[in-house]
Amino acid sequence: MRARLTERETNDLVFELEERKYGRRFTSMELAQKANVSLDDVNRVENQIPIEDAQVVGRIARALGVRPELLRKIAGCEEMSNDELNQLHACLRQPEGEAAPECAQIGLG
451 MRARLTERET NDLVFELEER KYGRRFTSME LAQKANVSLD DVNRVENQIP IEDAQVVGRI
511 ARALGVRPEL LRKIAGCEEM SNDELNQLHA CLRQPEGEAA PECAQIGLG
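With this note's numbering applied, the sequence shown corresponds to residues 451 to 559, in that order.
Okay, here's the thing in structure tokens:
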């Protein structure tokens, strides 16, 4: 089954990605600064509003340690299968750099 994530699921995953990569959660402003994008761009991800500029999507994705394709799914702009979501949760429990090959296949950097 495929479905779009809820805003709460999106925000929970963003926090998990921040903690995995940086060891702590960021405020929206801190994530915007880390990604070198505007606060509005980060808010669009958090509120599941599509971002048309591929470069902005790429910067936010890099800051979170994922590929742009996975960020679009996390942001609720594209559907994600239950298998992908379960794999993502399993991968987030693994330290960055020590993740299984399956993690890279779903878009986790």
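For each residue, glycine too, the CB sits at the ideal point set by N, CA and C.
Keep in mind it's a predicted model, so treat the numbers as computed, not measured.
Whole angstroms is fine: what's the gap from A513's alpha carbon to L481's? Between the alpha carbons of A513 and L481 lies a distance of about 8 Å.
Residue from Q483, E466 and D491 whose Cα sits closest to the Cα of I499: Looking at the Cα atoms, D491 is the closest of the given residues.
What did DSSP end up calling M530 once you bin it into helix, strand or coil? Collapsing the DSSP output to three states places M530 in a strand.
For G515, the nearest candidate out of G559, E457 and A525 (CA to CA): Here the closest residue by C-alpha is G559.
For the alpha helix (DSSP H) containing T460, list its first residue and its last residue. Note, T460: alpha helix (DSSP H), E457 to Y472.
Please identify the residue among N497, V487 and E496 whose C-alpha is closest to the C-alpha of A504. The shortest Cα separation from A504 among N497, V487 and E496 belongs to V487.
Are G526 and L455 touching if we call contact CB-CB under 8 Å? Closer than 8 Å, so yes.
Per DSSP, cross-strand counterpart(s) of A453: Per DSSP, M530.
Classify R452 as buried or exposed, calling it buried when 16 or more other Cβ atoms lie within 10 Å of its own Cβ. So R452 counts as exposed.
Specify, as a first and last residue, the run of the alpha helix (DSSP H) that V516 falls within. Per DSSP, V516 lies in no alpha helix (DSSP H) segment and is marked neither H nor E.
Check whether the Cβ atoms of K484 and E546 lie closer than 8 Å to each other. No, they are not a contact pair.
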